[in-house]
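Going by our numbering, the residue at position 188 of the sequence shown is 334; the numbering climbs one at a time, nothing skipped.
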Amino acid sequence: MDLILKYFPNLTEDQIEKFNKLQMLYEDWNLKINVVSRKDIDELYLRHVLHSLAIAKIITFKEGTKILDVGTGGGFPGIPLAILFPECSFHLVDSIAKKIKVVNEVVEGLGLTNVKTTHSRVEEINDTFDFIVSRAVAAMPTFVHWTKGKITKQQNHDLKNGILYLKGGDLTEELQDYKTTTLYNLSDFFNEDFFETKKIVHLPIKYRG
Ligand SMILES: C[S@@+](CC[C@H](N)C(=O)[O-])C[C@H]1O[C@@H](n2cnc3c(N)ncnc32)[C@H](O)[C@@H]1O
């Protein structure tokens, strides 16, 4: 938890309490269903919470912003972002029922009122959002195809509405069709080895096929 405060020192008491509670909630759930590996539980705040919150280093979502988390798994990046931005609405979607079950329990355990969850493939979601966030779900061309028509055009932020994707490694080939994409290096924001090769891909809506 100290790690989160190191990079996000202005959290409210309520947010600190919610972030603190996450460890216990995931520990409990991991005893029942293996949602996150043991190593990941031990390093929950680095590998999952802080990594998810990296998105907040490049954008501050304004009140009322609608955000879709595609393939949320155990709730990342959606849950940490929903704690950080209580005045935005988050829709967390995953195609595996047991993952959504865990996310529902975590949402309830934290008392998060700004999160909706759906057990579904993202292709079947009929709604539009200001931003789509995601981590480790599909290569960019597939992801763009799946999410086509789900992003609103209205402009309310310094960053254009679009996809904010947490990615690692060499992305040259994967992003070759998206030349105007912006890449943000997470090592610019966090002084931890874990983030050395990690990036956020911002793919604005106007460049989507
Ligand atoms: C590697 S996990 C990543 C989970 C989470 N985003 C994280 O970073 O911890 C990928 C997740 O994407 C989900 N997924 C894959 N294809 C999907 C689709 N078309 N629609 C919704 N969820 C999908 C899988 O069920 C799985 O939970």
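Quick reminder that beta carbons are idealized off the backbone N, C-alpha and C, glycines included.
Distance from the CA atom of I187 to the CA atom of A284, rounded to whole angstroms, is 23 Å. DSSP places L192 within a helical segment (H, G or I) once states are collapsed to three. Contact between the stretch 253 to 260 and the stretch 187 to 200 is absent: fewer than 3 CB-CB pairs across the two stretches fall below 8 Å.
Take N166, set aside five residues on each side of it, and the residues of its chain with a beta-carbon closer than 7 Å to its own are M147, in chain order. Cα atoms of Y172 and F335: separation of roughly 26 Å, rounded to the nearest angstrom.
Burial is judged here by how many other beta carbons sit within 10 angstroms of a residue's own beta carbon; L329 has fewer than 16 and is exposed.
The DSSP-derived three-state label of Y311 is strand. In the displayed model, F277 falls within a strand according to three-state DSSP. Under the DSSP assignment, K152 falls in the alpha helix (DSSP H) whose first and last residues are 148 to 153.
For the pair F236 and V182, the Cα-to-Cα distance works out to about 21 Å. At least one heavy atom of ligand 1 is found less than 7 Å from the C-beta of F222. DSSP, reduced to helix, strand and coil, places V239 within a strand of the structure shown. Under the DSSP assignment, K212 falls in the beta strand (DSSP E) whose first and last residues are 212 to 216.
Relative to ligand 1, the beta carbon of R184 is positioned no closer than 7 Å to any heavy atom.
Using a cutoff of 7 Å, the CB of K262 does not count as near ligand 1, since none of the ligand's heavy atoms is closer than that. Contiguous beta strand (DSSP E) elements confined to the stretch 283 to 343 occur at 308 to 314, 328 to 331, taking only those with 3 or more residues. In this structure, the alpha-carbon of K345 lies about 5 Å from that of L332.
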